[in-house]
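Using the numbering used here, you'd call the opening residue of the sequence shown number 738 and step up by one each time. Heads up, the beta-carbon is just placed ideally off N, CA and C, and yes, glycines get one too. One structure is given below, encoded as structure tokens.
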Amino acid sequence: MKKIFIIALSIVVWTFWLTAPARAQSPIQVTPAPYKVEIAKRITFPVTVSSAADITKMYLAVRFPGTNAAGSRIFPKFTPSEKVETTAVWNLDRDLVSAPGGYLPPGAQGTYSWHIEDAAGNVLDTPPAPFRVTDERFDWRQLENDRFAVYWYKGDDAFGKTIFNRLNQTIDRIEQAIGAHYPDKIQVFVYADDGAFQSILSPGHDNTEFVGATPVDEFSVMLVKSAPEDLQFAIVAAPHELVHMVIDQELGTGLGQVTMPLWMNEGLASYYEYDPPQMEERYQTLLDDAIKNDRLLRLRNYANTRPNDYREGLLMYGQGYSVVEFIVNEFGRDKLSQIFQELKHSSADDAFSKVLGVNQDGLENLWRKKIGAPIKEYATQVTPTPAAQPTFALSAAETPAANQPSPTPQAVSANNTPAPVAPTAAPAASGAPSSNAGGSSLCGLGFGGLALAMVGAYSWRKRKRF
């Protein structure tokens, strides 16, 4: 559905509330008005309020049911009077960090309601009305089923359908592989223009850096930069980030977010980019060179820490892919699911030991033996608790895999605003204003560093692509 539907729904909700017999006699009257989204700038919520006594206090409560994103109360400026016309503003501008609001990606949905008090002691709370962040700079095309809604504005139907098909193939494979299920419909926005794409990234991203794909997990949104001529990149970057979304959602806020080794997380994402799996050529080149010259990385050192060196980072991805492939080929695909489930309540060493009979170092040596690399005698070491570290990530391979059958889409349409997708989780309580509502994961083509922030046991993973 389009934004006009959400506006109409908001008016219907408010009209119903205002005309309900039990509330018709309220001395405080509210005239609803449509909200307006200016992408990457602001969302405005205008309102007209009247009462027999002066309006003395009012604020807009914004919430995001079904997510862990923090809501906010916005107090608009007004002069106490019997009739007040004012506007509450949710700031989307990354440079106005002190203004009320915070980052929201295209596709993010929430509710808003007004709290109003007058001098006579009357109080009114309007019922929550829905809103959705839309990017109306482009005429979006749309392709969707019950799992994905893919939007793009440059390229023909085949362009969008290729990305759509690859995502459907990938989610089936990774869910089966690790025994997971992603419960929500994922909205994927494909931007063909670098400037437009950069403008909708969260404040944690370097605005001058090329970024290829970034999920915003809190809202089940993925942002992809790909012009039609860059399709081969999109059909690798999007599946890679989708795997991370499934992994992060399945691990939730529990122990698994800490104990899941980084090299395995990235190895799984790399392994399931293609069907059948294939390693990117430059990863393979670096891996072959490291094997030949005895320069392989110790896996344990990259359980929670990303390399600071560009080539080392590429090698980590190559090794992660190779070890995941080794587990599948030598132990069986079902072992991936068993390891993943064990990581939810065990350390990495305990998980590997229980499922494979060896810890991380033992697994590495089994893999080394298989590929013909020297066996290493490592001193006993406990993997440290994750701390803030610079990050970067992988890039796309050059040749897409052969097309695979995919779910039949419900519709291909050209429309101005993507349809809303209802969240499925239980509502979260409103909190203090947040400058970054929701965690996001990032992959870009450039090398750079972003902090990995931990909230309790939850890892807000930000990934860059080399």
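Within 10 angstroms of the beta-carbon of Ile-915 lie 16 or more other beta-carbons, which makes it buried. Given a length threshold of 4 residues, each whole run of the alpha helix (DSSP H) inside the segment 982 to 1065 is given here in chain order: 993 to 996, 999 to 1008 and 1018 to 1029.
Going by DSSP, Thr-848 is part of no alpha helix (DSSP H) but of the beta strand (DSSP E) stretching over 846 to 855. Rounded to the nearest angstrom, the Cβ distance from Tyr-928 to Glu-1003 is 24 Å, too far for a contact under 8 Å. Here Lys-773 is bridged, per DSSP, to Thr-781. Residue state for Lys-898 is assigned as helix, using DSSP reduced to three classes. Counted as a single uninterrupted DSSP element, the beta strand (DSSP E) harbouring Val-826 occupies residues 818 to 828. Around the beta carbon of Lys-962, 16 or more other beta carbons lie within 10 angstroms, which makes this residue buried. Looking at His-977, Arg-869 and Ile-937, the one whose alpha-carbon comes closest to that of Tyr-1008 is His-977. Annotation: Ala-1085 to Ser-957 spans about 27 Å, alpha carbon to alpha carbon. Contact check for Ile-937 against Pro-843 passes: the beta carbons are separated by less than 8 Å. By the Cβ criterion, the segment 783 to 800 is in contact with the segment 845 to 864, since at least three pairs of Cβ atoms, one from each stretch, lie closer than 8 Å. Within its own chain, the residues whose Cβ lies closer than 6 Å to the Cβ of Met-1016, once the five positions on either side in sequence are excluded, are Tyr-1058, listed in chain order.
Of the residues assessed, Asn-905 falls on the buried side of the cut-off, its CB having 16 or more other CB atoms within 10 angstroms.
About 6 Å separates the beta carbon of Trp-827 from that of Val-799, a gap short enough to meet the 8 Å contact definition.
Inclusion of Val-821 and Val-774 in the CB contact set at 8 Å is not warranted, their separation being larger than that value.
Excluding its 5 nearest sequence neighbours in each direction, Trp-889 has C-beta neighbours in its own chain below 6 Å: Arg-878, Gly-897 and Val-927, listed in chain order. Apart from sequence neighbours up to five positions away, the residues of its chain that approach Asp-1031 with a beta-carbon distance below 8 Å are Ala-1110 and Pro-1111, ordered along the chain. Annotation: the continuous beta strand (DSSP E) that includes Ala-886 extends over 885 to 889. Val-983 and Thr-990 have their C-alpha atoms roughly 13 Å apart.
Taken atom to atom, the span from the alpha-carbon of Arg-831 to that of His-981 is near 25 Å. In this structure, the beta-carbon distance from Phe-885 to Phe-868 does not fall below 8 Å. Assignment of Leu-1073 by DSSP, reduced to helix, strand and coil, places it in the helix class. Thr-768 is classed as exposed because its beta carbon has fewer than 16 other beta carbons within 10 Å across all chains shown. Here Gly-949 carries a strand assignment [DSSP, helix/strand/coil]. For Phe-815, there is no enclosing beta strand (DSSP E), since its DSSP letter is neither H nor E. Judged by DSSP secondary structure, Ile-923 falls within the beta strand (DSSP E) whose first and last residues are 923 to 928. For Asp-1086, there is no enclosing beta strand (DSSP E); the residue is part of the alpha helix (DSSP H) that begins and ends at 1085 to 1093. Contact check between the segment 1076 to 1084 and the segment 1040 to 1051: fewer than three CB pairs, one atom from each, fall below 8 Å, which does not count as touching. Under the three-state reduction of DSSP output, Ser-787 falls in the strand class. With respect to Asp-954, Gln-913 sits apart: the two C-beta atoms are not nearer than 8 Å. Taking the CA atoms as reference points, Val-887 sits about 9 Å from Met-959. A residue is called buried once 16 or more other Cβ atoms fall within 10 Å of its Cβ, and Pro-802 is buried on that count. Beyond the five residues adjoining it in sequence on each side, Ala-777 comes within less than 8 Å, by CB distance, of Leu-829, Asp-830, Arg-831, Ser-936 and Ile-937 in the same chain, given in chain order. Of Ala-836, Asp-855 and Thr-863, the smallest CA-CA separation from Thr-848 is found for Thr-863.
Sequence-distant partners of Pro-965 (beyond 5 residues in either direction) whose C-beta falls short of 8 Å from its own C-beta, in its chain, are Lys-891, Gly-892, Asp-893, Phe-896 and Ala-929.
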